[in-house]
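Engineer: Numbering (the UniProt record's numbering), first residue to last: 1 to 401. Take this structure first; my questions come after.
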């Protein structure tokens, strides 16, 4: 029955979801509640349920937005929220639109809520009128010229200033189980309630109107669990923190990542940790939506294996998750270990705090290990010569990937 199955019916018709209204910010419980998601059907059903319960505002930003059953269900939920007076904003990256995006733009325009496109592809002129940024044509053109390589890779939804959704799920059906018409991509996300979501809202507004908010709201609250990188200061701080935590790790470094192209500093820190006895394991895709990524990641295998790092390639399907476990410090989000995430793209990760959520992430990692093939010096992926040559050529341009 595909996406029309009973499991997916709660997404396909968002009006059918029955929920209690959201509480106001003043009524919000002070206890932080977290829930980990590794299944696309559960993720989208609960996300739509939260949007349907919104009473104040919904800010949703995503890298990819497809006009498939998931995209239509999310549009319907956002439209219904807008019609009942909720402040709705949708931000989609220009590269993440399907082809020219004509049908999607028509559906969004018909839905009636405000939406914008982050850095449209320059030759898709229809996208310019929905562009996030300067209001004049000259200002928008200047922004495209100077920042065309910067993409919004975040997947975030904040609701009523009390709920945040963060992870690697885009708004598209490929994340669903095959029984529901999807391709069962392996992703991870977290729903958080009871935290200060203002950093995410400020980051959204800066992306929504970067000219207006370029110099405002740059500081995160002390001890914020959100790892943002939308300023040069935050970007550098994130990299330093990751390198520091790897360097100080005692027991384990368990990484799941979709696009693994580490720079010299990161590779050096990981290798040194393994050399001094830390349990370092990395799960990478054997199948990727970017066809050359497994070949490129494999160019680092020898160095990692020589230093004692254990490498696994996930077998069931496309691995798209981005999680890090360093001792008891754990993150879930959109960041890859490549130059795009480290230097160019807007990303966000969340630092888990709940013991149950951390345990769930550990169990998810161990389950993925069982579905992965370990790579060793004796069991090494012998790819054709042309693939290995192409991978090394791609590394010359790794600043851009």
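For every residue, glycine included, the Cβ atom is placed at its ideal position computed from N, Cα and C. Here the structure is a predicted model, which means the values were calculated and not measured.
May I ask you to report which of helix, strand or coil DSSP gives residue 27?
Structural biologist: Per-residue confidence for residue 27 stands at a pLDDT of 43, beneath the threshold of 50, marking its modelled position as unreliable; the derived number appears in the next sentence. Three-state result, residue 27: helix.
Engineer: Would a C-beta distance cut-off of 7 angstroms place residue 63 and residue 153 closer than the cut-off?
Structural biologist: Their beta carbons are under 7 angstroms apart, which means residue 63 touches residue 153 by this criterion.
Engineer: When the Cα of residue 203 is compared with those of 34, 227, 195, 223, which residue comes out closest?
Structural biologist: Selected option, being the one with the closest Cα: 227.
Engineer: Run through DSSP, which three-state label would residue 184 get?
Structural biologist: Coil at residue 184, not helix or strand.
Engineer: Identify the continuous alpha helix (DSSP H) that holds residue 246 and give its terminal residues.
Structural biologist: Counting along the chain, the alpha helix (DSSP H) containing residue 246 begins and ends at 232-248.
Engineer: For the alpha helix (DSSP H) that contains residue 204, what are its first and last residues?
Structural biologist: Per DSSP, residue 204 belongs to the alpha helix (DSSP H) from 198-208.
Engineer: Strictly by DSSP, which residues pair up with residue 293?
Structural biologist: Beta-bridge pairing links residue 293 to no other residue.
Engineer: Looking at C-alpha atoms only, which residue of 124, 70, 244 is the closest neighbour of residue 177?
Structural biologist: Of the listed residues, the one whose Cα sits closest to residue 177 is 70.
Engineer: Return the CA-CA distance between residue 393 and residue 292, expressed in angstroms with no decimal places.
Structural biologist: Rounded to whole angstroms, residue 393 to residue 292 spans 11 angstroms at the Cα level.
Engineer: Near residue 262, which residues of its chain fall below 6 angstroms by C-beta distance, leaving aside the five closest residues on each side in sequence?
Structural biologist: Excluding sequence neighbours, residue 262 sits near 337.
Engineer: Can you tell me where the alpha helix (DSSP H) holding residue 269 begins and where it ends?
Structural biologist: Start and end: 264-275.
Engineer: Please go through the same chain and pick out, in chain order, the residues whose beta-carbon is closer than 8 angstroms to the beta-carbon of residue 148, but skip the five residues on each side of it.
Structural biologist: Excluding positions up to five away in sequence, the list reads 119, 122.
Engineer: Relative to the C-alpha of residue 67, which candidate in 106, 48, 112, 355 has its C-alpha closest?
Structural biologist: Measuring from the Cα of residue 67, the nearest candidate turns out to be 106.
Engineer: Tell me whether residue 191 is buried or exposed, calling it buried when 16 or more other Cβ atoms sit within 10 Å of its Cβ.
Structural biologist: Residue 191 should be labelled buried.
Engineer: Does residue 22 pass the burial test, meaning 16 or more other C-beta atoms within 10 Å, or should it be called exposed?
Structural biologist: Caution is warranted here: a pLDDT of 44 is assigned to residue 22, below 50, making its placement in the model unreliable, and no coordinate value can be reported.
Engineer: Quick check on residue 327: does DSSP put it in helix, strand or coil?
Structural biologist: DSSP places residue 327 in coil when its eight states are reduced to three.
Engineer: Which full runs of the alpha helix (DSSP H) of 4+ residues lie inside the UniProt domain "PLD phosphodiesterase" (148-175), going along the chain?
Structural biologist: The UniProt domain "PLD phosphodiesterase" (148-175) contains no whole alpha helix (DSSP H) run of 4 or more residues.
Engineer: Roughly how many angstroms separate the alpha carbons of residue 410 and residue 396, rounded to a whole number?
Structural biologist: The first residue shown for the chain is 1 and the last is 401, placing residue 410 beyond what the model contains.
Engineer: Kindly indicate which three-state DSSP category residue 350 falls into: helix, strand or coil?
Structural biologist: If DSSP states are grouped into helix, strand and coil, residue 350 belongs with the strands.
Engineer: Can residue 165 and residue 172 be called in contact, C-beta distance under 7 angstroms?
Structural biologist: It is not a contact, given that the beta carbons lie outside the stated cut-off.
Engineer: At which residues does the beta strand (DSSP E) containing residue 115 begin and terminate?
Structural biologist: Residues 115-118.
Engineer: If we ignore side chains and look at the alpha-carbon of each, how far apart do residue 364 and residue 43 end up?
Structural biologist: Approximately 15 angstroms between the Cα atoms of the pair.
Engineer: Which stretch, first to last residue, makes up the beta strand (DSSP E) that contains residue 37?
Structural biologist: Taken as a continuous stretch (DSSP letters only), the beta strand (DSSP E) holding residue 37 covers 33-37.
Engineer: Are the beta-carbon atoms belonging to residue 335 and residue 349 less than 7 angstroms from one another?
Structural biologist: Yes, the pair counts as a contact, with Cβ atoms nearer than the cut-off.
Engineer: Comparing alpha-carbon positions, which option in 369, 224, 38, 132 lies nearest residue 91?
Structural biologist: Here the closest residue by C-alpha is 132.
Engineer: Going by Cα to Cα distance, which pick from 103, 230, 114 is closest to residue 78?
Structural biologist: Ranking the options by Cα distance to residue 78, first place goes to 114.
Engineer: Any idea if residue 366 is buried or exposed, counting beta-carbon neighbours within 10 angstroms, 16 or more meaning buried?
Structural biologist: Burial call: exposed.
Engineer: Any idea what DSSP makes of residue 440, helix, strand or coil?
Structural biologist: Because the chain in this structure spans residues 1 to 401, residue 440 falls outside the shown range and cannot be described.
Engineer: For residue 462, name the three-state secondary structure that DSSP assigns.
Structural biologist: Limits of the chain in this structure are 1 at one end and 401 at the other, which puts residue 462 out of reach.
Engineer: If you run the structure through DSSP and keep just helix, strand and coil, what is residue 189?
Structural biologist: Three-state DSSP puts residue 189 in a strand.
Engineer: By Cβ distance below 6 angstroms, which residues in the same chain neighbour residue 297 in space, the five residues on each side in sequence not counted?
Structural biologist: Excluding positions up to five away in sequence, the list reads 260, 284.
Engineer: Between residue 279 and residue 252, is the Cβ-Cβ spacing less than 7 angstroms?
Structural biologist: Yes, these two residues count as a Cβ contact at 7 angstroms.
Engineer: Run the CB neighbour count on residue 313, radius 10 Å, all protein chains shown included, and call it buried at 16 or more, exposed below.
Structural biologist: Under this definition residue 313 is a buried residue.
Engineer: Between which two residues does the alpha helix (DSSP H) carrying residue 365 extend?
Structural biologist: Start and end: 355-370.
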